[in-house]
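Protein chains: 2
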Amino acid sequence: MLGAIEAGGTKFVCAVGDDTGKIIERIQIPTTIPAETIVEVTEFFKQYPIRGIGVGSFGPIDVNRDSPTYGNITSTPKPGWRNYPFVQSLEDTFGVPIGFNTDVNAAALGEATYGAAKGLDSCLYITVGTGIGAGAMVHGKLLQGWSHPEMGHILVRRHPDDTYHGKCSYHHDCLEGLAAGPAIEERWGEKGVNLVGRPEVWEMEGYYLAQALMQYVLILSPKKIILGGGVMHQEQVLPSIYKHLKEFLNDYVTLPEMSEYIVRPGLGDNAGIIGALLLAQQAIEER
Amino acid sequence: MLGAIEAGGTKFVCAVGDDTGKIIERIQIPTTIPAETIVEVTEFFKQYPIRGIGVGSFGPIDVNRDSPTYGNITSTPKPGWRNYPFVQSLEDTFGVPIGFNTDVNAAALGEATYGAAKGLDSCLYITVGTGIGAGAMVHGKLLQGWSHPEMGHILVRRHPDDTYHGKCSYHHDCLEGLAAGPAIEERWGEKGVNLVGRPEVWEMEGYYLAQALMQYVLILSPKKIILGGGVMHQEQVLPSIYKHLKEFLNDYVTLPEMSEYIVRPGLGDNAGIIGALLLAQQAIEER
Chain A
53 MLGAIEAGGT
63 KFVCAVGDDT
73 GKIIERIQIP
83 TTIPAETIVE
93 VTEFFKQYPI
103 RGIGVGSFGP
113 IDVNRDSPTY
123 GNITSTPKPG
133 WRNYPFVQSL
143 EDTFGVPIGF
153 NTDVNAAALG
163 EATYGAAKGL
173 DSCLYITVGT
183 GIGAGAMVHG
193 KLLQGWSHPE
203 MGHILVRRHP
213 DDTYHGKCSY
223 HHDCLEGLAA
233 GPAIEERWGE
243 KGVNLVGRPE
253 VWEMEGYYLA
263 QALMQYVLIL
273 SPKKIILGGG
283 VMHQEQVLPS
293 IYKHLKEFLN
303 DYVTLPEMSE
313 YIVRPGLGDN
323 AGIIGALLLA
333 QQAIEER
Chain B
53 MLGAIEAGGT
63 KFVCAVGDDT
73 GKIIERIQIP
83 TTIPAETIVE
93 VTEFFKQYPI
103 RGIGVGSFGP
113 IDVNRDSPTY
123 GNITSTPKPG
133 WRNYPFVQSL
143 EDTFGVPIGF
153 NTDVNAAALG
163 EATYGAAKGL
173 DSCLYITVGT
183 GIGAGAMVHG
193 KLLQGWSHPE
203 MGHILVRRHP
213 DDTYHGKCSY
223 HHDCLEGLAA
233 GPAIEERWGE
243 KGVNLVGRPE
253 VWEMEGYYLA
263 QALMQYVLIL
273 SPKKIILGGG
283 VMHQEQVLPS
293 IYKHLKEFLN
303 DYVTLPEMSE
313 YIVRPGLGDN
323 AGIIGALLLA
333 QQAIEER
């Protein structure tokens, strides 16, 4: 049996499953401070004979195995989690191999193995929700270089009608600062779910996300792009992205049909937790 | 003996060398039409007992081995080269394995093997000259997904003082449209080499290139960034890039010291041709 943790900023999803990606049991735990959250995580997994645990975590995290702080959450503003030694703590408690990557890289792995990018050695998974993040599979491996990607914070050009300052505490009007859920809410004065009848909201959202996709396509050239997260549940966003991306690219690169190339997650909201199961499997194989 | 071609839009460099990256003989041929240029290429290589040829080519090119047009130059506006079957033509003439990639991917391979990124499995090579292009090594292989990257055409925010329209025929004010050599010349009315005493030129250039580097860092997280090409010969550009990139990133990601992380090519202007030699070697090994 394998353990999986999707560690998010507001909640942890913990699951046990098998090596075919099947989830057997799962729970959800609010993310408070490690002393509380990790105790509940531990109690859950102690019930099962797990051979390894995979973690897809909020970040930034240290994924460099040669680093003395490998396996830590690093510079998060979240109280108690800054420099939290996630991998070390789980290893000490369970004594099994621990896989560790970003939540979005885990989701990319899930989608590339069982979801919308099944069988491809290259894909990009983007989540647009309370934050914006992306993970990627490149040459059959989760993208990693100096560190993991931080694709949500790329710079974008402002929409001509947008006077909103932006919400990112580092870059104010980067992609996440202008297009994540909290930015939508602050700009328009209501949560996105209450803005369904306002086409200008989704026109602007598509404009920003299409710009991001243009950069991702020109820099990474993924074989498939998967868009998940709460904001993407708004049906109007995807067509707006297609429209703007076509305009921006202006036929400079030849891509597959938009509706085949840029798609919703094949695993729905389970991409991350199933990806974490796969990280557990990889950790066992690598030991 | 190995053959190497660095196929550029204005000139072809052809060389023969050995499997330690040593160039034994080289010539330069103007790029006119294939019927002329390729005849000279053929005459050069016919003098040597070559076991394979590596090509780093201007693009866009088809690098997908499963494609019926693999090995072709694709949508270039250059007369005679559109849909030119580069690999097929060399195979027919020489009957040896042909390696084929973009000029900038070849340069990235050269730098990762013998140059500034020696020994790293991840690096980014950017050239800023008559165009802007970049190649990358990711997980020890040249970056390729749906196709090769086209990083020179990403969108950038305009410098507040820049009223120049932009020179890219596809996107007018993308990175290449605002920051390649011809854009500098058209905006300021003189070639870059004659603008050494105008600091505002290089301040603006650094602003645009730093934006591009921010996107590349956040999306790819390379272990080393190498900046080559004619425009980079201007000593004032690199410090301007460092300054703006620090401002843009605002400490969001932890990087090595700028002067260690973003560097000039270790192989000088030979990165591309030495990379092409390595492509020849790879093609022989893969056969």
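Line order of the protein sequences matches chains A and B.
Taken in order, the first sequence gives residues 53 to 339; the numbers are from the working numbering.
Taken in order, the second sequence gives residues 53 to 339; the numbers are from the working numbering.
Where a beta carbon is used, it is the ideal one built from N, C-alpha and C, also for glycine.
Rank L272(A), Q333(A), I336(A) and T62(A) by C-alpha distance to the C-alpha of D173(A) and give the top, closest one. L272(A)
For M189(A), tell me which candidate among R339(A), V107(A), I336(A) and G327(A) has the shortest Cα-Cα distance. G327(A)
Give, in chain order, every residue of the region 296 to 311 of chain B whose Cβ lies closer than 9 Å to some Cβ of chain A. F300, L301, N302, D303, Y304, V305, T306, L307 and P308
Taking H200(B) and I113(B) to be in contact with their CB atoms under 8 Å, please state how far apart those CB atoms are, rounded to whole angstroms. 7 Å
Sequence-distant residues of its chain with Cβ nearer than 6 Å to L279(A) (five each side left out): I178
To the nearest angstrom, how far is it from the Cα of Y259(A) to the Cα of D214(A)? 11 Å
Contacts that H200(A) makes with chain B (C-beta to C-beta distance below 9 Å): S273
Note down the Cα distance separating T62(B) from I81(B), rounded to an integer number of angstroms. 9 Å
According to DSSP, is S109(B) part of a helix, a strand, or is it coil? strand
Q333(A) versus F146(A) - alpha carbon distance: 15 Å
Of the residues that make up the region 210 to 242 of chain B, which ones have a beta carbon closer than 7 Å to any beta carbon in chain A? Y222 and H223
Could you spell out where the beta strand (DSSP E) holding I325(A) opens and where it closes? Where I325(A) is concerned, there is no enclosing beta strand (DSSP E), although the alpha helix (DSSP H) it sits in stretches over A323 to E338.
Any beta-carbon of chain A closer than 8 Å to the one on S174(B)? Yes, because at least one Cβ of chain A sits closer than 8 Å to the Cβ of S174(B).
Cβ-Cβ distance between G104(A) and I150(A) below 8 Å: yes
Residues near G318(B) in its chain [Cβ-Cβ closer than 8 Å; skip 5 each side]: E163, Y166, G167, A168, A169, K170 and I278
Verify the CB distance criterion: does I23(B) have a CB-CB separation below 8 Å to chain A? Since the displayed chain B opens at 53 and closes at 339, residue 23(B) lies outside it and no answer follows.
Is Y177(A) close to chain B? Criterion is C-beta to C-beta, closer than 8 Å. Cβ-Cβ to chain B under 8 Å: no for Y177(A).
Just list the residues that DSSP pairs T179(B) with in beta bridges. G185(B) and G280(B)
DSSP bridge partner residues for E77(A) (one or two, in chain order): V68(A)
Given 8 Å, three or more beta-carbon pairs between the region 130 to 144 of chain B and the region 181 to 188 of chain B: no
Residue range of the unbroken alpha helix (DSSP H) whose run includes E58(A): Here E58(A) belongs to no alpha helix (DSSP H); instead the beta strand (DSSP E) covers L54 to A59.
With a threshold of 8 Å, are at least 3 pairs of Cβ atoms found where one atom belongs to the region 89 to 100 of chain A and the other to the region 66 to 74 of chain A? yes
Looking at the structure shown, is H285(B) part of a helix, part of a strand, or coil, going by DSSP? helix
Could you tell me whether the Cβ atoms of G111(B) and F152(B) are closer together than 8 Å? no
Roughly how many angstroms lie between the CA atoms of L161(A) and I293(A), to the nearest whole one? 24 Å
When the cut-off is 8 Å and only beta carbons count, does L290(B) lie next to chain A? no
State the CB to CB distance for the pair E228(B) and D155(B), rounded to an integer number of angstroms; the pair is presumed to be in contact (CB under 8 Å). Actually they do not touch by this definition, with Cβ atoms about 14 Å apart.
Please list, in chain order, the chain A residues whose beta carbon lies closer than 8 Å to that of F267(B). Per the sequence shown, the amino acid found at residue 267(B) is Gln instead of Phe. Within chain A, the residues I206, L207, Q267 and I271 have their CB atoms less than 8 Å from the CB of Q267(B), given in chain order.
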